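**Student:**
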Amino acid sequence: MIARPNDPRPLPSETSLRVIMRGLREIMSEGGEGQEKLDRIVRQIAGVMVADVCSIYLKRQDGSLELFATEGLNPSAVHNTRMKRGEGLVGRCSELGVTVNEPEASSHPAFSYRPETSEEIYHSLLAVPISRSGKVLGVLVIQNRMSKEYSDEDVEVLQATAMVVAENLASGAVAGTVAALEGSLLQPMIIEGEPLSEGIALGHVVLHEPRIVVTHLLSDNPVAEMERLEQALTKLQVNIDEMFEHEHMSAVGEHRDVLEAYRMFAHDKGWHRRLREAVEGGLTAEAAVERVQNAMRTRMLKQHDNYWKERQRDLDDLSDRLLRVLAGRLKSSEDSSGLPAEVILVARTMGPAELLDYDRNRLRGLIVEDGSSQSHVAVVAKALGIAAIGQAAGIVDRVTAGDAAIVDAVTGEVHLRPTNEVIAAYSDKVRFRARKQKRYQSLRGRPAITKDGIRIALLMNAGLLVDMSHLIESGADGVGLYRTELQFMLSDAFPRLDRQTQLYRSVIEEAQGKTVVFRSLDIGGDKVLPYLRQPKEENPALGWRAIRMSLDRPELFRLQIRALLKAAAGRELRVMIPMVSASYELGAIRALIEREKTFLTTHGHQLPSNILVGAMFEVPALLFDLDAFLTRVDFVSIGSNDLMQFMFAADRTNARVASRFDVLTAPPLRALRMLIKAAKKHKVPLTLCGEMAGSPIEAMTLIALGLRSLSMAPASIGPIKTMILSLDAEKATAYLEDLLKEDVKDIRMSLQQFAETEGVAIDG
Ligand code: PEP
Ligand code: MG
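Residues in the sequence shown are numbered consecutively from 31, following our numbering.
Right under this line is the structure:
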């Protein structure tokens with residue numbers, strides 16, 4: 031086309047490229063919303079390239095293309111016109127990453143006409159992919175009324191322009207309006223979730239296989255279809271049985287219970303019957319799976335608790351697996367073809383068995399949109415030792431398979447498409463953690479003794495059998511808190527006597543002679559057991575929980591005590607009662623324990639060689655009844671998490687208030703000092719097993735207050751031991767006493783200064 035003498039638009043040439051580049055630079059450097067910038071870009075390109083139409087389509091997560099800006103097409107089509115993956119000439123350009131140059135676009139067999147765009151009047155079309163680092167982000171298109179093949183020069187100009195547009199999209203310069211496309215824009219992004227299984231992992235995203243879409247609904251031959259279904263069900267069961275042979279799953283533990291429940295579901299006669307009925311009714315096997323899943327899900331959705339959520343995940347997992355069997359696409363964990371060397375698995379939701387489908391040697395991290403720390407998949411991730419994060423809202427829509435990702439399952443952050451700096455920082459972190467871990471391991475056999483010769487007992491907290499392996503790894507002196515309720519929360523039904531006995535026996539055996547303190551059921555409040563009817567409460571933390579339930583519904587408590595007594599036959603048993611609020615409650619508890627002892631002896635069972643009954647110190651009222659309380663217990667453990675929430679009247683689960691008050695201030699420290707002194711006077715062994723024990727500066731303060739035993743998460747043992755080895759406890763005591771006497775404003779800061787000048791290792 032020839033430009034008329036007065037036409038300000040130059041020919042598409044070297045000059046036009048320069049004009050476009052200058053224009054783009056101006057548009058990008060000026061302020062304004064992303065949409066406005068895109069609108070100006072298309073207007074400018076159309077002008078300079080003498081095109082009747084210029085449009086930008088951007089790729090969505092599912093591969094479809096959305097019209098984001100246009101000059102020349104009907105403006106109302108913007109954000110309304112979407113082309114499916116590969117649809118039309120624009121879709122071809124995006125899918126194949128190729129330039130399309132068509133003089134008669136509308137007569138091309140791949141052309142897809144969209145009436146809302148009013149593009150029927152345009153004949154020629156030039157489409158180039160907007161791509162960066164080999165990844166197509168969208169398509170830049172020009173169209174003309176006249177039928178023509180665009181020149182090589184036009185193609186080059188448009189390609190060069192598309193490259194610049196891609197850079198600007200990827201750098202976030204026009205990100206404001208393209209929120210919907212965030213994920214496909216290659217930008218770095220942080221998504222916050224909740225750690226499910228501790229660790230840090232770097233790798234590349236593998237999207238958990240999306241569900242197989244059922245397209246064929248009605249069967250022509252119900253008999254053959256039934257045969258397919260039966261074969262698939264058999265294959266499914268074999269596949270699940272094999273899962274139990276998985277090297278990481280063969281040991282006893284909760285992860286096995288979780289899989290056992292899943293296996294029972296797979297064998298469930300009701301499920302099989304419904305599937306058969308659906309096939310008899312004329313559906314294909316695949317459609318039957320879907321129909322039954324929908325029907326069962328509808329019923330399950332009416333239940334709101336965790337138990338049903340987990341059952342629903344099991345059902346979804348099983349249905350997907352059965353569909354894959356039917357489609358001949360069932361993977362085995364040995365089949366790692368096509369997987370990156372370091373896999374970060376991303377899923378909307380995931381059942382426990384699905385995780386085992388992936389090659390453990392490549393699996394580094396897991397991110398799920400809806401998993402909670404008590405979900406079954408979290409238990410399996412822990413058993414496999416994979417860094418995992420749950421509650422990562424919207425992540426599936428924001429990633430593309432192959433994206434680099436970092437799972438920080440310490441803070442709960444997911445870094446998507448991290449910059450090189452972030453990758454370098456995390457690689458350092460991983461190396462540093464490994465080095466530190468090595469150093470801690472070298473301290474494993476060394477007792478925690480302060481510089482002035484005071485021995486501190488370092489115990490660990492546990493709640494699942496899988497945690498017990500940490501006892502040896504961390505070098506802890508024993509288990510200071512075994513939270514028995516976690517097992518109950520993962521089960522389908524109240525664990526029976528034998529099951530409980532077996533579990534407690536395994537725990538004692540895995541402790542290899544080290545002490546274990548079993549805490550009796552701390553349920554109620556927010557820790558609900560789906561199979562136990564509990565009234566809804568306004569203030570669950572202050573409600574019918576722990577010992578209160580044990581006293582009111584003694585049959586559950588007695589069953590647990592019986593299991594513990596049997597499990598510890600011939601050995602020492604330590605039982606600890608949570609949430610004691612008044613000293614007299616302990617008399618009632620002891621009476622229940624005595625009753626179980628009598629029962630077992632009359633039935634010829636051997637009792638433990640020694641039974642110690644302790645209490646958790648979590649309710650501030652006891653501070654004013656210390657003598658009576660301490661004469662009724664064999665040992666005490668301070669539950670500082672609860673004690674502090676009650677002391678400050680600040681809900682520990684409410685992020686707004688949870689960390690509002692500092693435990694390193696005079697009131698709580700004076701309270702702790704009072705308790706420590708009284709316990710010493712009564713010669714009652716005292717430990718602290720809340721979060722405070724695992725934080726170096728807080729642990730230092732507790733030792734300064736006179737505490738000689740601490741129980742914490744296994745990962746904290748190394749850092750706390752390092753701190754103790756560098757501490758002069760007497761000096762710290764004298765220093766803290768002065769701080770408390772002098773009413774110092776910022777005790778935490780003063781203690782930090784003390785640690786710094788005295789060379790106490792509080793940095794973890
Ligand atoms: C505590 O309250 O400090 C404690 C250790 O118990 P839990 O965190 O299980 O309530
Ligand atoms: Mg507690």
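Where is the CB? At the ideal position from N, CA and C, for every residue including glycine.
None of these values were measured; they are calculated from a predicted model.
Out of curiosity, what's the CA-to-CA distance linking F295 and L345?
**Tutor:** For F295 and L345, the distance between alpha carbons rounds to 8 angstroms.
**Student:** Touching or not, the stretch 738–745 and the stretch 714–727, by the rule of three or more beta carbon pairs under 8 angstroms?
**Tutor:** A contact exists between the stretch 738–745 and the stretch 714–727.
**Student:** Please classify P105 as buried or exposed, where buried requires at least 16 neighbouring CB atoms within 10 angstroms.
**Tutor:** Burial call: exposed.
**Student:** In this structure, what does DSSP give as the bridge partners for C84?
**Tutor:** For C84, which the question treats as bridged, DSSP gives the partners E101 and I172.
**Student:** Using only CA atoms, which one of K67, R303, L446 and R341 lies nearest to Q217?
**Tutor:** The option with the nearest alpha carbon to Q217 is L446.
**Student:** If you follow the alpha helix (DSSP H) that M704 is part of, which residue opens it and which one closes it?
**Tutor:** Where M704 is concerned, the enclosing alpha helix (DSSP H) stretches over A696 to K711.
**Student:** State the CB to CB distance for the pair I270 and A431, rounded to an integer number of angstroms; the pair is presumed to be in contact (CB under 8 angstroms).
**Tutor:** About 27 angstroms; that fails the 8 angstroms criterion.
**Student:** CB-CB under 7 angstroms to E728, same chain, minus the five flanking residues each way: which ones, in chain order?
**Tutor:** For E728, where only same-chain residues beyond five positions count, the Cβ hits under 7 angstroms are V693, L694 and M722.
**Student:** Let me know the alpha helix (DSSP H) ranges lying completely inside the stretch 251–323, each 4 residues or longer, listed in chain order.
**Tutor:** 252–274, 284–296 and 299–310, all fully within the stretch 251–323.
**Student:** Any chance you could list the residues with Cβ under 6 angstroms from a heavy atom of the ligand MG, keeping chain order?
**Tutor:** In chain order, the hits are P608, E648, G669, N671 and D672.
**Student:** What do you get for N640, buried or exposed, if any count of 16 or more other CB atoms within 10 angstroms of its CB means buried?
**Tutor:** With fewer than 16 Cβ atoms within 10 Å of its Cβ, N640 is classed as exposed.
**Student:** When you measure from the CB of G64 to every non-hydrogen atom of the ligand PEP, does any distance come out below 7 angstroms?
**Tutor:** G64 Cβ: outside cutoff for every heavy atom of the ligand PEP.
**Student:** Please confirm whether A10 and L247 have their CB atoms less than 8 angstroms apart.
**Tutor:** Nothing about residue 10 can be reported from this structure: the residues present for the chain run from 31 to 794 only.
**Student:** Per DSSP, which residues does H234 bridge with? Please list them.
**Tutor:** According to DSSP, which records beta bridges pairwise, H234 is partnered with V373 and A434.
**Student:** Does DSSP put M77 in a helix, a strand or coil?
**Tutor:** Met is not the amino acid found at residue 77; the sequence shown has Gly there. Helix, per DSSP.
**Student:** Any chance you could list the alpha helix (DSSP H) runs of at least 4 consecutive residues sitting entirely within the stretch 729–767, in chain order?
**Tutor:** With a minimum length of 4 residues, the continuous alpha helix (DSSP H) runs that stay inside the stretch 729–767 are 744–755.
**Student:** Any heavy atom of the ligand FMN closer than 7 angstroms to the beta-carbon of R513?
**Tutor:** Among the ligands modelled here, namely the ligand PEP and the ligand MG, the ligand FMN does not occur.
**Student:** Have a look at K265 and N324 and give me their C-alpha separation to the nearest angstrom.
**Tutor:** Approximately 22 angstroms, taken between the alpha carbons.
**Student:** Among residues of its own chain, excluding the 5 on either side of P525, which ones have a beta-carbon nearer than 8 angstroms to its beta-carbon?
**Tutor:** The answer, listed in chain order, is Q517, F518 and L533.
**Student:** From I792 to A454, what distance separates their C-alpha atoms?
**Tutor:** Going by the C-alpha atoms only, they are around 25 angstroms apart.
**Student:** Work out the CA separation of V288 and S521 for me, nearest whole Å.
**Tutor:** Each residue's Cα considered, the two are about 8 angstroms apart.
**Student:** Is G644 near the ligand PEP, with its Cβ less than 7 angstroms from a heavy atom?
**Tutor:** Result no, Cβ not under 7 angstroms from the ligand PEP.
**Student:** Tell me the DSSP secondary structure of S504 in three-state form.
**Tutor:** If DSSP states are grouped into helix, strand and coil, S504 belongs with the helices.
**Student:** Per DSSP, what are the beta-bridge partners of T545 in this structure?
**Tutor:** DSSP lists G508 as partners of T545.
**Student:** Could you compute how far the alpha carbon of E134 sits from the alpha carbon of E63?
**Tutor:** Cα to Cα, E134 sits roughly 35 angstroms from E63.
**Student:** The alpha helix (DSSP H) with H445 in it runs from where to where?
**Tutor:** Careful: H445 lies outside any alpha helix (DSSP H), inside the beta strand (DSSP E) at E443 to L446.
**Student:** Would you mind sorting K596 into buried or exposed? The rule is 16 or more other CB atoms within 10 Å of its CB.
**Tutor:** Counting Cβ neighbours within 10 Å, K596 comes out buried, since at least 16 surround it.
**Student:** Report yes or no: do the stretch 475–487 and the stretch 730–739 share at least 3 C-beta pairs separated by less than 8 angstroms?
**Tutor:** Segments in contact, yes.
**Student:** Using three-state DSSP, classify K775 as helix, strand or coil.
**Tutor:** Coil.
**Student:** Counting pairs of Cβ atoms below 8 angstroms between the stretch 452–466 and the stretch 476–484, do you hit three or more?
**Tutor:** No: the two stretches stay apart, fewer than three of their Cβ pairs being nearer than 8 angstroms.
**Student:** Is D497 near the ligand PEP - that is, is its Cβ less than 7 angstroms away from at least one heavy atom of it?
**Tutor:** No; taking the cut-off as 7 angstroms, the Cβ of D497 has no heavy atom of the ligand PEP nearer than that.
**Student:** Is S154 helix, strand or coil by DSSP?
**Tutor:** Residue state, collapsed to three classes: strand.
**Student:** Can you find a heavy atom of the ligand PEP that lies under 7 angstroms from the Cβ of D347?
**Tutor:** It does not: the Cβ of D347 is nowhere closer than 7 angstroms to a heavy atom of the ligand PEP.
**Student:** With a threshold of 7 angstroms, establish whether the CB of G508 neighbours any heavy atom of the ligand PEP.
**Tutor:** No.
**Student:** Flag this pair as touching only if the stretch 696–703 and the stretch 574–589 have three or more C-beta atom pairs under 8 angstroms; answer yes or no.
**Tutor:** Because the criterion of three Cβ pairs below 8 angstroms is not met, the stretch 696–703 and the stretch 574–589 do not touch.
**Student:** Please indicate yes or no: does the CB of C719 lie closer than 7 angstroms to some heavy atom of the ligand PEP?
**Tutor:** For the ligand PEP, at least one heavy atom lies less than 7 angstroms from the Cβ of C719.
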